[in-house]
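Listed below in C-alpha cells is the structure:
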C-alpha cells in the first residue's frame, strides 16, 4: 500500500559501478598499462640516479617522485576509466577550456626553465605543462564535435574542431614545441581519417607534407642539419644519438646487467627521452621487446575494440587517444634506433615525469573508459539479417 | 526560414488524413535514417581502424626488428667520423734557383680534447699549462668542464717533445691528430716573399695548409694541385745572396739609424729577382698578426720593396737624360744652363743646398744631380712623350710580381700632368713608385734598352719584351751612371767597389707628411739605384733607406750618397762574388806588390 501511495523506493538501475567496470573494462590493456608503470619505476631506479647525483639529491629521489606521481596517475586513470562516456565528455570539455586558457596565458605567466621554450608553469614543488593536459581533452572535444557534425542537421563540427586544432598547433609552434604540435596534428588527422576523410584529400595532404618538408629542408639550416645527421649512416658517437645507439649495441640480447650500464651517465636525457637506451643497455633486447609488445598490445587492442563501436563519438575519441599514445611511444623508440630524426619525446608512463604522468594517466583512463564493452545493438544486426 | 521537407511525404499525408501526429512518423524516419548512416559510417570506420591497427603494429614491429638488429651487431670501438672527404695534405715545396729548400712540409700533430671523455679535467688543465706556458690553466679547466663542449682544439702544432709530455699526462680525453705543417727552414730569410701559411679546413685527421700571404698565397692553388705531384716551385731567388743581402741591409739600416730599408737585386736580362729584402721582417713560421694600430706601412708584415711607394728622387734623372738622347734632342755633351732662376708654373726650381752649377753638359747634370738641368731636359721632351716613356718602363702600374702584395704597390702619379709635374717628375718628385719599379726600369737601361717583366720564378735565357732605348743611348747612360760613382765629384763616390765597375744614381727625397701639406725637413727616403758591372751589366740593385741619418760628421747627413750608397756598395761587395761575377781590375789600379824581404 505504502508503495502504491508513495511509489517504489528509488534504487539505482543496473549493476553497481565496480563490478560493471571490472566486467566491461579491457583487462588486457589495463594490465599492460600497470606493467608499463612498473617498468617505468624499474628503469627509473637505473636511469634517474645520475640526475639525482648531478642535482645533489638522494640517489632514488626521482624514483620516489615517480612513484608518488605515478600513484596519483593510477588513481586518476582508474577514476576516469569508471566514468560513462558522457561524463568523460563533460569533464573533458571543462578540462579543455581550463587547459586552453592555461596554454594561452603561458607566454605571460609561464617559465622556460632555461630551456629556451616557455612550456611550463612552475608550481614550486612541481611544474605543470598545459599542453600535456590539453592533448587528451582536445581529442575528446574534437571527437565530440566531429560526431556532432555527422548528426542529421548537426553543426559543422569538423570545421570547428579543425579551427581549434589549427589554433592550438599555432600556439604550440610559437612556444616553440613542434613535438606536441605535431602530436596534436597527427591525432586530429587520425580521427579525421577514421571519421571518413576522402582519400583524395588525404593523398593531397600527404603531398603537402612532403612539399613542406622539402621547403623546410632547403630553407632552415637547423632542420637540414637534423635531417642530414639522420640520413648520414655514420653516427657521431659523441651525440645523444650516438650514445643511444652504442648503448643498444652494448646491451645485446640480455643486457649488461642491472645497474651496470654506463650510458645513463653520459646522456643528459637518459631518464626521459632516451630511457629506452638505458633499458636496452641494462636489460637487453628482451626488455625492449617486452616494452614494445606492451605498447603494441594497448594500441592494437584499442583499435580492434573500437571497430565494433557504434557511437561515433566514442569511436573517434578512442581512436585519437590510442593513436596519440601509440605514436608518442613509437617516435620515442624510433629515434633511439635511428629510424626517425632526433626529436625529444617522452615514452608514456615509462619516462620520468611529474604532472605529465598524471596527464598520461587521465588520457589512458579516458581510453579505457571509451574502450569498455558496451551493447552495440548486435541483436538488431542479427534480426536485420547479419552484418550486410 | 528554410523549409525542411517532410519525409516520408506519402505516409505523412496519409497520417494527416487520419488525424494522426505526423511528427512521430517523421521522428521515426529520422531515427531510422540516422541508424543507417551510423551503420554505414561504422562499416567504413571498421576498415580504416583495421588499417590503422595494422600500421601501428607494423611500425612497432619495424622498431623491434631494428632493435634486434642493433642488439645482434657486435659492439665496436666508437670512432669519430672524419668530416667529408679527406683533405689533401700535400703541398709542393718551394725552392730557390739552385734547388735549396725555402718552404717544405713536416709531419706533426695537433692536440685536441674531448672534454666528456676526460677523467680529471682539472689536473689535465694544470699539466697542459705546465707544458704550454701560453695556455691558462683556469681558463682551460673552465672549458674542459663546460658540459656543452664536446670538442675543442688546444694546439694546432706540437713538437715531438711536447707530444710526449702530453702523452705522459695520461688523460684519455686528450687526443692527437696528424698534421702536415708548413716549415720555412730559413726563418726570417725571404719572409716577405714566402709570406706564410695557416690551416684552412681542419679535421681531426688532417688539415689543409693554405697560403696566407706572399707567394704561398699567390700560387696557393698550384701548390696544392694534386696533379703537380709535389714538383717544387723553383724561384728566381738565390738563397745565399738573399741571406747576405739581408745581413748587409740590416747592418746598414742600424748604422744609418733608418727605421726601415728595402733592397731589390734583379737580373737585368731576365727580370728575375735574385734577392728582395724588406726590413724590418718577420718569421713566416710564426707570422705575426696584422697590426691593429699605427701605420700599416711600419709593420714588419709590410713589404717595402713591393708595396711601399716612395718618391725615389733623383734616381729618376737618368730616365729624362736617356729619353732626351733617344729622341736625339741632345747628346751627353749638350750644354744646359742650370743657373737660377728657373721658374715653372710660378714655382722656383731649386738645387740641393742651393748650389749653382752654371752651364754644364747633360752628363754633368746627371753626375752633379742638377734639378734645374733635368727639369729643362724634361721640358724639351714634353709631358706626353715623358709620360709614354715612363709608362713603357712600367712605372705607372703595379708590378706583376708573383706575390699577392704586389698589386698593392700601385704608383702614385699626378692626376693633372702640368709642366710643373713634368719638371718635378724628371727628378723623381711628384711620382711615387716602389723600389721594385725602379729596379725594373734600371734593368731596361742596363740591358741595352729592353723592358723586362720582374718575376720571382726562375727563367732561362733573356726575357726581353719591348725595345725602348737604343744600344748607343744605353751605353751613354751607363757611362753617365758609372761617372756618378767613379768621378770624384759624383754624388755616389762611396759606391765604388773595386773590380765591379758600379754605376748608379742617388736619390734623396724629403718624406711627404702623412697628413698632407708639404714635406718633412728632416726625414728623407734615400735611394741608390745601381747597375753593375757597367761595361757588361748583369744586375740592377736598388737600396732604399727609410729615414736614415748619418751622424759621424759635425751635422747629421741624410743624403743618399752618405747613407744608401755605402750600404749598397757593401752589398755589392758581398754578393757579387756569390753571383759568380769575376772582379775585373784596370791594370793601373792593380797595386799588388810582390815584395820580398831584403
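Residue numbers (UniProt numbering), protein chains in the order written: chain C, 1 to 388; chain G, 1 to 598. The beta-carbon is built from N, C-alpha and C at its ideal position, and this holds for glycine as well.
Check	Outcome
Cβ of residue 518 of chain G within 8 Å of any chain C Cβ	no
Segment contact flag, the segment 498-506 of chain G with the segment 470-490 of chain G, C-beta cutoff 8 Å, min 3 pairs	yes
Separation of residue 77 of chain C from residue 286 of chain C, as counted between CA atoms	28 Å
N- and C-terminal bounds of the alpha helix (DSSP H) containing residue 46 of chain G	22-72
Beta carbon of residue 411 of chain G nearer than 8 Å to that of residue 396 of chain G	yes
Partner residues on chain C for residue 60 of chain G, Cβ-Cβ distance less than 9 Å	292, 293, 295, 296, 299, 300, 326, 329, 330, 333
In DSSP terms, what residue 379 of chain C is bridged to	Paired residues: none, contrary to the question.
Where the alpha helix (DSSP H) through residue 397 of chain C begins and ends	The structure shown has nothing for residue 397 of chain C, since chain C only spans 1 to 388.
As assigned by DSSP and simplified to three states, the class of residue 489 of chain G	coil
Residue 267 of chain G versus residue 447 of chain G: straight-line alpha-carbon distance, rounded	9 Å
Option nearest residue 300 of chain G by Cα separation, candidates G/278, G/139, G/561, G/487	G/278
Chain G residues whose Cβ lies nearer than 9 Å to that of residue 150 of chain C	37, 38, 41
The segment 439-453 of chain G / the segment 462-471 of chain G touching (three or more Cβ pairs under 8 Å)	yes
Any C-beta of chain C under 8 Å from that of residue 266 of chain G	no
Partner residues on chain G for residue 184 of chain C, Cβ-Cβ distance less than 8 Å	Going along chain G, no residue has its Cβ under 8 Å from residue 184 of chain C, so there is no contact; the nearest lies around 17 Å.
Interface flag, residue 227 of chain C vs chain G, CB-CB below 8 Å	no
Any C-beta of chain G under 8 Å from that of residue 168 of chain C	no
Ordered list of beta strand (DSSP E) runs contained in the segment 157-198 of chain C, each at least 3 residues	none
Whether residue 109 of chain G touches residue 199 of chain G by CB criterion (8 Å)	no
Within the segment 359-431 of chain G, ranges of the alpha helix (DSSP H) (whole runs, at least 4 residues)	362-368, 371-381, 383-392, 419-426
Boundaries of the beta strand (DSSP E) in which residue 522 of chain G is found, first to last residue	519-532
CB contact check: residue 63 of chain G to chain C, cutoff 8 Å	yes
Minimum Cβ-Cβ distance from residue 96 of chain C to chain G less than 8 Å	no
Chain-ordered residues of the segment 269-280 of chain C with a beta carbon less than 9 Å from chain G	276, 280
Beta bridge counterpart(s) of residue 178 of chain G as assigned by DSSP	G/109
Coil, strand or helix - residue 455 of chain G by DSSP	strand
Which of helix, strand or coil DSSP assigns to residue 358 of chain C	helix
Interface flag, residue 507 of chain G vs chain C, CB-CB below 8 Å	no
Assumed close pair residue 323 of chain C, residue 276 of chain C - CB separation to whole angstroms, cut-off 8 Å	Their Cβ separation, rounded to whole angstroms, is 20 Å, which puts residue 323 of chain C and residue 276 of chain C out of contact at 8 Å.
Closest by C-alpha distance to residue 240 of chain G, when choosing among G/189, G/60, G/261	G/189
Within-8 Å CB hit, residue 12 of chain G to chain C	no
Short-range partners of chain G found in the segment 250-271 of chain C, where Cβ spacing is below 8 Å	250, 251, 252, 253, 266, 268
Within-8 Å CB hit, residue 16 of chain C to chain G	no
Among G/342, G/120, G/72, the one whose alpha carbon lies nearest that of residue 420 of chain G	G/342
Cβ contact check for the segment 353-363 of chain G and the segment 382-391 of chain G: 3 or more pairs under 8 Å	no
Paired residues, beta bridge with residue 261 of chain G - DSSP	G/279, G/545
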